Structures are given as C-alpha cells and as structure tokens.
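Engineer: So the sequences go chain by chain: C and P.
Sequential numbering from 91 applies to the first sequence in this note's numbering.
Sequential numbering from 91 applies to the second sequence in this note's numbering.
By construction, the Cβ of each residue, glycine as well, lies at the ideal position given by its N, Cα and C atoms.
Computed from a predicted model, the values in this text were never measured in an experiment.
2 protein chains.
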Amino acid sequence: MFDYGSNMMNGLQQRDTVGVADIAAAAERIAGEAVRTPLLASALLDERVGGRVLLKCECLQRTGSFKFRGAYNALASLDPDARGRGVVAVSSGNHAQGVAEAARIFGVPATVVMPEDAPAIKRDRARRSGATVIGYDRSREDRDAVAAAVLAQSGGVLIHPYNDPRVIAGQGTAGREIAAQCAGMGIVPDAVLVPCGGGGLGAGIGVAIRDAYPEATLTLVEPEAFDDYGRSLRAGQPIANTATSGSICDALLAPSPGTIGFALNVRNAARAVTVSDEAAMAAVAFAFRELKLSVEPGGAVGLAALLSGGVDGRDRTTVVVLSGGNVDEAVLREALSRPAI
Amino acid sequence: MFDYGSNMMNGLQQRDTVGVADIAAAAERIAGEAVRTPLLASALLDERVGGRVLLKCECLQRTGSFKFRGAYNALASLDPDARGRGVVAVSSGNHAQGVAEAARIFGVPATVVMPEDAPAIKRDRARRSGATVIGYDRSREDRDAVAAAVLAQSGGVLIHPYNDPRVIAGQGTAGREIAAQCAGMGIVPDAVLVPCGGGGLGAGIGVAIRDAYPEATLTLVEPEAFDDYGRSLRAGQPIANTATSGSICDALLAPSPGTIGFALNVRNAARAVTVSDEAAMAAVAFAFRELKLSVEPGGAVGLAALLSGGVDGRDRTTVVVLSGGNVDEAVLREALSRPAI
C-alpha cells in the first residue's frame, strides 16, 4: 500500500499541510480553466429551512464536480518532465474525470483506475477526456495494488484524490470563492456544510473559510454507513470504514480520512454528521425540481442534512456545497419516483 | 379583446416604451427578491461551438424562469390601492408563476388564466404560490374573453405577460446583469440569443445590451411553427401566428408580437431564427447531461440554435439566455431517451 501519509510521492518532498497562500496560488493557476461557480440563493429553500442558505454550485464546475480544481492544480504544480510521463488516478469517478480533463489540457496521457460499479457517466466522461480507464472490483481487489501495477508499468505520476497538499489547495479555491462571494454580498456565513469522502474538500474549504470568517463552523457530511470521518474526529486519529460499498453516494466511499486533510479538519474544529441514502436521494429530487440543478447523491448530502433537519439552519446563514452533478439518469429517475419532500 | 397596444390598462396612461432608466429602476425594485443569475461558461460547449459561449441561467431564477423579474417589477410599480384589489395574469405558465409569487410577496390575491395543456409543474407551482388557477381550452376558447370575465368579476389588475412597459423593464434587468457580468469578466459580447414568444424578454434585454454594447447583435429564437416574430420583423409590422398549439416549447406560443416590444426590437435591429422541436429537445438533453441544468424546451431554443448550427457561434462571443427551467419530468425523460448530440 502507498504510504500516502508521508507524501514522498515521486521523490518530491512536500510540506504536509496547506495554508491560505497555497490556496491563493492554486486560484491563480486554475483561473483560466476552472469555472468560478455561483453561490446561489433560493427563496423557497430559505423558507423551507427557516434561515438563509447559499449554495456553492460545484455541480456546475468543469467535469461536473469540484475535483477538477484539485486535479488541475496538481498537474499545473508538477515539474513538466514529470508531468510529461503521464498521470495516474485512483478514483470512484469524479477525481478520475478531473485528472483526465486536466491531462487533456496539458496534453499528457492519463490512466484512471475506477471501481467497476462506478456510475457509467463517470467512466464514459473520463474516456471522453482521453483517459485510459482500468476497472477493478471494489469488494475483491485492492485498488492500491491495481494502481501500483499501473504506475510501475506507465512510469507516470500518481495524483491522489485527497491526500495531496496540491489537491487540497485546489479544492480550497472553492472556499476562497465562497468567502469572496459572501463578502461581495455583505453576508457573514455562520456555518459551511461540505460533503465528505476522504476529507480533502472540507479541509481546503475550511482553511479558506476560517481565514476569512474565523467564527464560521465547518460541518462534514457523510453517508450513514461511511462515517469514518466522524468516528475519526471523535477518536482523534484516522479510522477506516468497515464497508467498501453499499451507499448510493458513490463519490463519498473513501476508505479512510487522508492524514493531511485530517490534521487540517481537526485544526479547523470540523464536526461531522451523517445522512441516510434516503435523505440524499430526496435532496437530489429537491435540487432537480426546485433548484433546477442536476446534483448527484454524494454531492447532495449537505443539502440533505439541512432538509432532513440533521443540521439546523434556522435563523442563521448556512453555506451548502453541492459538490458534484454527475448523476446517472437511472438514479435521477429513481430519486424522482419518490414522493416530493 | 383587450387593446394591449394602447396600454390604457386600469386607467393609467403609461409611456409605451422602455429605456435604460426604466430598467435601472426595475433593477432596484427587484434587487431584494430576484436572483442575480449567473452567466456561466462551459469549456465543453465552447469546444462544440468553436467560439466562446456564455449562458445567462434564468432557469435558476426564482420560480424557475425570467418571468419573475417582470411580474415583480409590475406589481412593485402599481399603486398600492390598485395592487390591493389583486392581480390577474393570462399565461402559459411561467408568467403565471411569476405573478403568483410576486403577489404572494406583496400579500395580494392572484388569479391566473392558464391553458389546460400547460405543463402540470407550472400549474402546480402557481397554486403553491397561492394563486387561483383558471384553465381554458387553448384551441376552442378565447383566452382574452376568459380573462375579461375574471377581471370583471375580481376587480383586479391585469398584468400582461409581455405588452407592458413595466414587465419589459423587469425582463430587461436580465440584460443589465449580462452587461455588468461581461464587463466584470472583461468580455465584449458579439451576439445575444434570446428565446422569443411575445418578445418582451428580447426587447428588454436588447435595450440594456445595446446601451452597453452597441455593436452586439440581438437574435430572437422561435419554434419553427411559431415564427410570428420573424415574419413580423420582415413585414415591418406585427403578424399573428396561425397555430395556437402544437410545439413542445409551451412557453413560446404567444399569439403575436406585443406592440411595445416589437417597436423596441425593430429599433434594436433584432433578427429572428427558428429551431425545430427536435433541436429544442436535444438542447434540453445537452443542458441536463453536460451543463447539469434543468432547462425547459422553450428555454433551450437559443442553445438549440447554436448546437444545431442555425446560428454560427464560431470565433465569437455569444451570450445565450436559458430563459426557463420548468420542464415536466416526462418531457425530460423523453429528451433523454434520444441519442446524445
């Protein structure tokens, strides 16, 4: 297994943390290629929640999720010689698309290792960006072993989906934008809800938000059966999930918190809550019907936490990150077949 | 039939035109209630079109379409005594929702006259905002007669969907935002594509855009079988459609150009193009799959014109207004059942 924690990938010793300067540098790198996604309000949602809600729409990001930010920043930060050997990603799908698209922009080959049960849309889009897709069986094969074989064969550079300071800094640009957008509206956020798999998005956003708004709370939102982050925060050290599959929130099934992001999330006093798959699907339907946005289940868990009452949004301003929109059409149909909430 | 052209509604003589000052005043009125919708870019769309495309996402507007802008501005402009008697709207659905929601905000009753074949989502949403919905048969009943009876009975104020300077000024705020957003990005738009039914949105946007960017061209986009605006522009005077129903673009079936907007569109040198229902549905599917946005067929005709090649977007900057997102789920399923374009 890779020693992601020591972060000695490709012989480059890096700092094992991320600060606001790293996020500012990442923002400059991605500016020409990533979308500055809108921070949207919905009067209907405000009424439902009983407070002000602002939606950071990363479903409208290039490749349909926030992952493009970190992937592009990582590739842009690589030494051109190293980058030229090509990049490798291990991902449930959104990071794969982000890396594939970033590699296409830089004109270098990408190989992505994805579970065979990943949504078809994610596999197809990674291929469309020119990546070679290699599948593995999530329940029987060790993805790190598959990735190691690919790395050995290709000689490429591994872009980890979350335990890489360049990736976390890239994801943090979403938080930097949230802070600037709140300031532009004259709004001080009380709380930020971030969908959480390996914890990189929450870590990056937390650094940026708490620099601008030190009183804002950071809440990571996980699927019920994948509450490794909540358990890890309570234990004070990273603890792995027991399950490897079995939630509709395919984007949030990382095996355990990344160590770099975990330290940042601890420092930022993050707390974690869980939502059921039912609540996530209801939020997908709500987003489609009421917000006119395509949001995938894993991207909708923050909204689900608010709508289901798991997080109390009354009489306060809550920023909710809608982290991805790559929902298979069958899953959307399934979500829409349920009664409206 | 109402003499919409003379605009002597409710005993108030109004100027029969709209200027940038009216739009600026409307922008102030709606600022606390309407969404400043994003002007989004998509790298994928740019590549497909071979030029730069910016999407003004009115599907993300309150009530799911631009109509809230004009409806709210009209209600806010009314004398409080007149407004207190309640408002009446005749609409295929989006204007009805806009008026219903604006009336709810002002705490006054709303009655909306809608064709019985309007999408269920639009009828339901008007009711949800508290409006009384009265249906009529588009092919057999005269909607103006139905509306006249409602007006006589209720004593309320008619809010015309497009032939009202207050409504046009409200829709023009979308154009004012586009101009400011382009300026903020340092971009000069070459062309603006606007879905067209009665022509009020195009008229309002045209006034605002050509004030800021006099060289930008204005193109109104209509369904093939409802090309009254194109024929009217060529004839130099308003000509009615022959059909009253039969396009999937339910939002764009106004019987003929409104006189106030027509004069403005002539002055702004608007041209008109048509798209097929097939192309509109393909654009709905493209918007869902690639842009992660729910766009209704009538709201997608500008995008359809670009994607189908009816409007050439190569080597230029084109702003496309996605004017509404209230698509019935069955229509979306139908759109998604076709091969991807």
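Give the residues from the segment 124-141 of chain C that approach chain P closer than 7 Å (Cβ to any Cβ), ordered along the chain.
Structural biologist: So the list reads Val125, Pro128, Leu130, Ala131 and Ala133, given in the order they occur along the chain.
Engineer: Mind pulling the chain C residues with CB within less than 7 Å of leucine 460 of chain P?
Structural biologist: Residue numbering for chain P in the displayed model covers 91 to 431; residue 460 of chain P lies beyond these limits and cannot be assessed.
Engineer: Considering only residues of the same chain and omitting the five flanking positions on each side of alanine 315 of chain P, which have a CB-CB separation below 7 Å?
Structural biologist: Residue mapping note: residue 315 of chain P aligns to position 225 of the second sequence, counting from 1. Here the set comprises Ala333, Gly336 and Ser337.
Engineer: Does any residue of chain C bring its CB to less than 8 Å from the CB of leucine 426 of chain P?
Structural biologist: Taking the first residue of the second sequence as position 1, residue 426 of chain P is located at position 336. Chain C, which has a Cβ nearer than 8 Å to the Cβ of leucine 426 of chain P, makes this yes.
Engineer: How many Å lie between phenylalanine 376 of chain C and alanine 114 of chain C at the Cα?
Structural biologist: Looking up residue 376 of chain C in the first sequence gives position 286. Looking up residue 114 of chain C in the first sequence gives position 24. Roughly 34 Å separates the two Cα atoms.
Engineer: Tell me the DSSP secondary structure of valine 198 of chain P in three-state form.
Structural biologist: Translated into positions along the second sequence, residue 198 of chain P becomes position 108. Coil at valine 198 of chain P, not helix or strand.
Engineer: Does the CB of glycine 415 of chain C have a neighbour CB from chain P at under 8 Å?
Structural biologist: Numbered from its first residue, the first sequence carries residue 415 of chain C at position 325. So, interface residue.
Engineer: According to DSSP, threonine 153 of chain C sits in a beta bridge with which residue or residues?
Structural biologist: Mapped onto the first sequence, residue 153 of chain C falls at position 63. According to DSSP, threonine 153 of chain C bridges with nothing at all.
Engineer: Identify whether cysteine 339 of chain C lies in helix, strand or coil by the three-state DSSP scheme.
Structural biologist: Your numbering for residue 339 of chain C matches position 249 in the first sequence. DSSP places cysteine 339 of chain C in coil when its eight states are reduced to three.
Engineer: Could you have a look at proline 285 of chain P and say whether DSSP puts it in helix, strand or coil?
Structural biologist: Indexing the second sequence from 1 puts residue 285 of chain P at position 195. It is a strand residue.
Engineer: Taking the C-alpha atoms as reference points, what is the distance between valine 180 of chain C and alanine 273 of chain C?
Structural biologist: Here residue 180 of chain C is taken as the residue at index 90 of the first sequence, counted from 1. Here residue 273 of chain C is taken as the residue at index 183 of the first sequence, counted from 1. Cα to Cα, the separation comes out at about 36 Å.
Engineer: Closer than 8 Å between beta carbons: that is the criterion. Which residues of the segment 261-294 of chain C meet it against chain P?
Structural biologist: The segment 261-294 of chain C vs chain P, Cβ under 8 Å: nothing.
Engineer: Going by C-alpha to C-alpha distance, which of C/Asn331, C/Asp367 and C/Gly326 sits closest to serine 359 of chain C?
Structural biologist: Position 269 of the first sequence, counting from 1, holds the residue named residue 359 of chain C. The question names serine, but residue 359 of chain C in the sequence shown is alanine. Answer by Cα proximity: C/Gly326.
Engineer: Does the beta carbon of serine 182 of chain C sit closer than 8 Å to a beta carbon anywhere in chain P?
Structural biologist: Against the first sequence, residue 182 of chain C aligns to sequence position 92. Judged by the 8 Å Cβ criterion, serine 182 of chain C is not in contact with chain P.
Engineer: Can you give me the Cβ contacts of alanine 164 of chain C inside the same chain, cut-off strictly under 7 Å, excluding the 5 residues immediately before and after it?
Structural biologist: In the first sequence, residue 164 of chain C corresponds to position 74, counting from 1. If we look at alanine 164 of chain C and ignore the five residues flanking it on each side, its Cβ neighbours are Ile249, Asp254, Arg256, Val257 and Gly260.
Engineer: Runs of 4 residues minimum, wholly inside the segment 389-423 of chain C: which ones carry the alpha helix (DSSP H) assignment?
Structural biologist: The segment 389-423 of chain C contains these whole alpha helix (DSSP H) runs: 391-397.
Engineer: Measuring alpha carbon to alpha carbon, tell me which residue in C/Phe158, C/Val108 and C/Val143 is nearest glycine 122 of chain C.
Structural biologist: Translated into the one-based positions of the first sequence, residue 122 of chain C becomes position 32. It is C/Phe158 whose Cα lies nearest to the Cα of glycine 122 of chain C.
Engineer: Strictly by DSSP, which residues pair up with cysteine 147 of chain C?
Structural biologist: The residue given as residue 147 of chain C occupies position 57 in the first sequence. Paired residue(s): C/Leu412.
Engineer: With 16 as the cutoff for other CB atoms within 10 Å, does serine 322 of chain P come out buried or exposed?
Structural biologist: Translated into positions along the second sequence, residue 322 of chain P becomes position 232. Per the 10 Å Cβ criterion, buried.
Engineer: Run the CB neighbour count on arginine 266 of chain P, radius 10 Å, all protein chains shown included, and call it buried at 16 or more, exposed below.
Structural biologist: As a position in the second sequence, residue 266 of chain P is number 176, starting the count at 1. Counting Cβ neighbours within 10 Å, arginine 266 of chain P comes out buried, since at least 16 surround it.
Engineer: Which residues in chain C sit within 8 Å of glycine 154 of chain P, going by Cβ to Cβ distance?
Structural biologist: By 1-based counting over the second sequence, the position of residue 154 of chain P is 64. Ordered by position in chain C, the residues that pass the 8 Å Cβ test against glycine 154 of chain P are Lys382.
Engineer: Which value, in whole angstroms, describes the spacing of the CA atoms of proline 279 of chain C and glutamine 151 of chain P?
Structural biologist: Along the first sequence, one-based indexing puts residue 279 of chain C at 189. Along the second sequence, one-based indexing puts residue 151 of chain P at 61. When rounded, the distance between both Cα atoms is 22 Å.
Engineer: Over the uninterrupted alpha helix (DSSP H) stretch that includes glycine 260 of chain P, give me the two end residues.
Structural biologist: The residue labelled residue 260 of chain P in the question sits at position 170 within the second sequence. Looking at the DSSP string, the run of the alpha helix (DSSP H) that includes glycine 260 of chain P is 255-275.
Engineer: At 9 Å on the CB atoms, spell out the chain C contacts of leucine 150 of chain P, in chain order.
Structural biologist: Counted from its first residue, the second sequence places residue 150 of chain P at position 60. Neighbours of leucine 150 of chain P on chain C, chain order: Pro128, Leu130, Ser132, Cys147, Leu381, Lys382 and Leu383.
Engineer: Sort out for me which residues DSSP pairs methionine 204 of chain P with in a bridge.
Structural biologist: As a first step, residue 204 of chain P must be located in the second sequence, where it is residue number 114. Methionine 204 of chain P pairs with P/Gly225.
Engineer: Could you have a look at glutamate 312 of chain C and say whether DSSP puts it in helix, strand or coil?
Structural biologist: As a first step, residue 312 of chain C must be located in the first sequence, where it is residue number 222. Three-state DSSP puts glutamate 312 of chain C in a strand.
Engineer: Classify leucine 323 of chain P as helix, strand or coil using the three-state DSSP reduction.
Structural biologist: Within the second sequence, the letter at position 233 stands for residue 323 of chain P. It is helical.
Engineer: Report the rounded CA-to-CA distance for tyrosine 303 of chain P versus arginine 173 of chain P, giving the unit in angstroms.
Structural biologist: Here residue 303 of chain P is taken as the residue at index 213 of the second sequence, counted from 1. Here residue 173 of chain P is taken as the residue at index 83 of the second sequence, counted from 1. In a straight line, the C-alpha of tyrosine 303 of chain P is about 36 Å away from that of arginine 173 of chain P.
Engineer: Do glycine 141 of chain C and arginine 406 of chain C have their C-beta atoms closer together than 8 Å?
Structural biologist: In the first sequence, counting from the first residue as 1, residue 141 of chain C sits at position 51. In the first sequence, counting from the first residue as 1, residue 406 of chain C sits at position 316. Yes. Within cutoff.
Engineer: Quick one: residues in its chain with C-beta nearer than 7 Å to the C-beta of histidine 185 of chain C, no 5 flanking neighbours on either side, listed in chain order?
Structural biologist: Position 95 of the first sequence, counting from 1, holds the residue named residue 185 of chain C. The residues are Lys157, Ala161, Ala179 and Pro251.
Engineer: With a threshold of 8 Å between beta-carbons, can phenylalanine 378 of chain P be considered close to chain C, or not?
Structural biologist: As a position in the second sequence, residue 378 of chain P is number 288, starting the count at 1. Yes, because at least one Cβ of chain C sits closer than 8 Å to the Cβ of phenylalanine 378 of chain P.
Engineer: Give every residue of the same chain whose Cβ lies closer than 7 Å to the Cβ of alanine 208 of chain P, excluding the five residues on either side of it in the sequence, and list them in chain order.
Structural biologist: Position 118 of the second sequence, counting from 1, holds the residue named residue 208 of chain P. Around alanine 208 of chain P: Ser182, Gly183 and Asp340.
Engineer: Under a three-way DSSP split, which group does valine 178 of chain P fall into?
Structural biologist: For the purposes of this step, residue 178 of chain P is taken as the residue at position 88 of the second sequence. DSSP places valine 178 of chain P in strand when its eight states are reduced to three.
Engineer: Can you list, in chain order, the residues of its chain with a C-beta nearer than 8 Å to that of leucine 412 of chain C? Leave out the 5 residues immediately preceding and following it.
Structural biologist: Locating residue 412 of chain C in the first sequence gives position 322, counting from the first residue. If we look at leucine 412 of chain C and ignore the five residues flanking it on each side, its Cβ neighbours are Leu145, Lys146, Cys147, Glu148, Cys149, Ala377, Leu383, Val385, Gly389, Ala390, Gly392 and Leu393.
Engineer: If contacts are defined as beta-carbon pairs under 8 Å, then threonine 263 of chain C and alanine 117 of chain C qualify, I think. What distance do you get, rounded to the angstrom?
Structural biologist: Your numbering for residue 263 of chain C matches position 173 in the first sequence. Your numbering for residue 117 of chain C matches position 27 in the first sequence. That pair is a contact at about 5 Å.
Engineer: Identify the contact partners of glutamate 419 of chain C in chain P, using a Cβ-Cβ distance below 8 Å as the criterion.
Structural biologist: The residue you call residue 419 of chain C lines up with position 329 of the first sequence. Within chain P, the residues near glutamate 419 of chain C are Leu426.
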